[in-house]
Amino acid sequence: MEETISFAELGLSEAMLKALESKGYGYPTTVQALAIPHFMQWKDVICKAPTGTGKTFAFGIPMIEHIDAACGDVQALILAPTRELALQIGDELRGLLTYYQNIRVAVLYGGTGLGGQYKQLEKKPQIVVATPGRLMDHFNRRTIRLDKVQTVVLDEADRMLDMGFFKDVTHIIEKVKNRRNLGLFSATISQEVMTVSWMYQRDEVEITVEPKQEDRPDIDQYCLSVSALQKTETTLRLIRTQGFERVILFCNTKHMCQRLCDEFQRAGLDCDCIHGDIKQSQREKAMQRFKDGELPVLIATDVASRGIDVEDVDCVINFDIPEENEYYIHRIGRTGRAKKKGVAWSIVGSFPEKAKLDEIAKFSNFTVQPMVLGDDGSLTEEVMKVVKPVNSRRRLR
Numbered sequence: 048m049e050e051t052i053s054f055a056e057l058g059l060s061e062a063m064l065k066a067l068e069s070k071g072y073g074y075p076t077t078v079q080a081l082a083i084p085h086f087m088q089w090k091d092v093i094c095k096a097p098t099g100t101g102k103t104f105a106f107g108i109p110m111i112e113h114i115d116a117a118c119g120d121v122q123a124l125i126l127a128p129t130r131e132l133a134l135q136i137g138d139e140l141r142g143l144l145t146y147y148q149n150i151r152v153a154v155l156y157g158g159t160g161l162g163g164q165y166k167q168l169e170k171k172p173q174i175v176v177a178t179p180g181r182l183m184d185h186f187n188r189r190t191i192r193l194d195k196v197q198t199v200v201l202d203e204a205d206r207m208l209d210m211g212f213f214k215d216v217t218h219i220i221e222k223v224k225n226r227r228n229l230g231l232f233s234a235t236i237s238q239e240v241m242t243v244s245w246m247y248q249r250d251e252v253e254i255t256v257e258p259k260q261e262d263r264p265d266i267d268q269y270c271l272s273v274s275a276l277q278k279t280e281t282t283l284r285l286i287r288t289q290g291f292e293r294v295i296l297f298c299n300t301k302h303m304c305q306r307l308c309d310e311f312q313r314a315g316l317d318c319d320c321i322h323g324d325i326k327q328s329q330r331e332k333a334m335q336r337f338k339d340g341e342l343p344v345l346i347a348t349d350v351a352s353r354g355i356d357v358e359d360v361d362c363v364i365n366f367d368i369p370e371e372n373e374y375y376i377h378r379i380g381r382t383g384r385a386k387k388k389g390v391a392w393s394i395v396g397s398f399p400e401k402a403k404l405d406e407i408a409k410f411s412n413f414t415v416q417p418m419v420l421g422d423d424g425s426l427t428e429e430v431m432k433v434v435k436p437v438n439s440r441r442r443l444r
């Protein structure tokens, strides 16, 4: 289906087709081809699809097509787990609105003042993208009404519910009295996602998009095994010797993220970091510098990295091996986009990290090639040592 159908065959408006054409999109991805027709018919959808397969357009396109531009009420609501993802979704939707008149998008998120968001709401947006906590704040302050909302979408539903938003999310859904359809989009379908589906969806359409060769990014995956004390120096040498122009480096904790950024900056590397303890204004500034190509290295935690959508990231580095298999997939999916080849490196500093990376590779059906980085920056394949079996019959003296 996805190989033959075009956006024009999905019954979209001329304005939408022009916007997609101007962005260079002629054919929908698998998830878009499967989801858009059901959304256009106002059906509830629960969709499991890998990261980077185009989920935002899958719900954003039909959402825009359903908007009554003559009406200034909020008609569509998208909930996202983080500020970064909410901002990204808002940008993508505005990009689709190039040839539409009088359809407005507002993005609401915490960690910043309410003044600018009040101004957005005063312009009467028909589409609101929000994090659950900040949306509840506005609702309780009566600065937003949800009684005219027809479509609700939970993007990255698994992560949002796993982050402790279950109560807020269900409360919000229950406030949307005139909802016509509910979309749940997720990389994994957790028990919490299934519970929300069971509670609020009716005759839902289930869509599962398995990772396929044409959907999966083209990424060469490597690892370097060093001692724990050598990880920082090795990572710095890797960045400096391989000619990477735009790198995202992941750490598991806020503390390590900040510590690594400080050490790299002392070593003269132009880098910045984003994590939960950094002010939102500073995070947005770092993100913008990275997107504009002014910042070569961005260091991030998994939660703070939600919403990083830069097409020409040429390398992702796992300074820490992630705790979950899905995190690894999400991380490396930042590179190898727009049909370009990407590179992902994992810096392994202990046996538990090596075991975790092996488990991830097996789970995801990936090949991660062990390498050795020379002092001069040369890279060679690691020769695996053959361990000779111990002669258990040898007599002890």
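48 is the number of the first residue of the sequence shown in this note's numbering; add one for each residue after it. All residues carry an ideal CB built from backbone N, CA and C; glycine is no exception.
{"Check": "Assumed close pair Leu143, Ala66 - CB separation to whole angstroms, cut-off 8 Å", "Outcome": "5 Å"}
{"Check": "Beta bridge counterpart(s) of Gly389 as assigned by DSSP", "Outcome": "Ile266"}
{"Check": "Proximal residues to Asp194 (C-beta, below 7 Å), its chain only, five neighbours per side dropped", "Outcome": "Lys224, Asn225"}
{"Check": "Coarse secondary structure for Ala55, derived from DSSP in three states", "Outcome": "helix"}
{"Check": "Backbone CA spacing between Met63 and Met110 [nearest angstrom]", "Outcome": "11 Å"}
{"Check": "3-residue-minimum beta strand (DSSP E) runs that sit fully inside the region 78-163, ordered along the chain", "Outcome": "92-95, 123-126, 152-155"}
{"Check": "Boundaries (first-last residue) of the alpha helix (DSSP H) holding Met334", "Outcome": "327-338"}
{"Check": "Where Thr427 falls: helix, strand or coil (DSSP)", "Outcome": "strand"}
{"Check": "Contacts around Thr300, its chain only, beta-carbon distance under 6 Å, and the 5 residues preceding and following it disregarded", "Outcome": "none"}
{"Check": "Inter-residue CB distance, Ile125 and Val200 (contact presumed, cutoff 8 Å)", "Outcome": "5 Å"}
{"Check": "Contact set for Asp205: own chain, Cβ-Cβ below 6 Å, skip 5 residues either direction", "Outcome": "Ser233, Thr235, Ser237, Val240"}
{"Check": "Asn365 (DSSP reduced to helix, strand or coil)", "Outcome": "strand"}
{"Check": "Limits of the beta strand (DSSP E) - the one that Gly421 falls within", "Outcome": "Counting along the chain, Gly421 falls outside any beta strand (DSSP E), and DSSP gives it neither H nor E."}
{"Check": "Cβ distance (whole Å) where Gln79 is taken to contact Ala105 below 8 Å", "Outcome": "5 Å"}
{"Check": "Same chain, Cβ closer than 6 Å to Asp349, five either side skipped, listed in chain order", "Outcome": "Tyr374"}
{"Check": "Classification of Tyr269 by the beta-carbon crowding that lies within 10 angstroms, buried from 16 upward", "Outcome": "buried"}
{"Check": "Residue from Asp339, Lys90, Ser69 with nearest C-alpha to Tyr146", "Outcome": "Ser69"}
{"Check": "Collapsed DSSP secondary structure at Gly380 in the structure displayed", "Outcome": "coil"}
{"Check": "Rounded separation between Gln391 and Gly211 - CA only", "Outcome": "Note that residue 391 corresponds to Ala in the displayed sequence, not to Gln. C-alpha separation (whole angstroms): 30 Å."}
{"Check": "Meets three-Cβ-pair contact criterion under 8 Å: the region 82-96 and the region 151-166", "Outcome": "no"}
{"Check": "Presumed contact (8 Å Cβ cut-off) between Thr76 and Thr100, rounded CB distance", "Outcome": "5 Å"}
{"Check": "Close-in-space but distant-in-sequence residues of the same chain around Asp324 (CB under 8 Å, 5 per side omitted)", "Outcome": "Lys301, Gln305"}
{"Check": "Three-state secondary structure assigned by DSSP to Asn225", "Outcome": "coil"}
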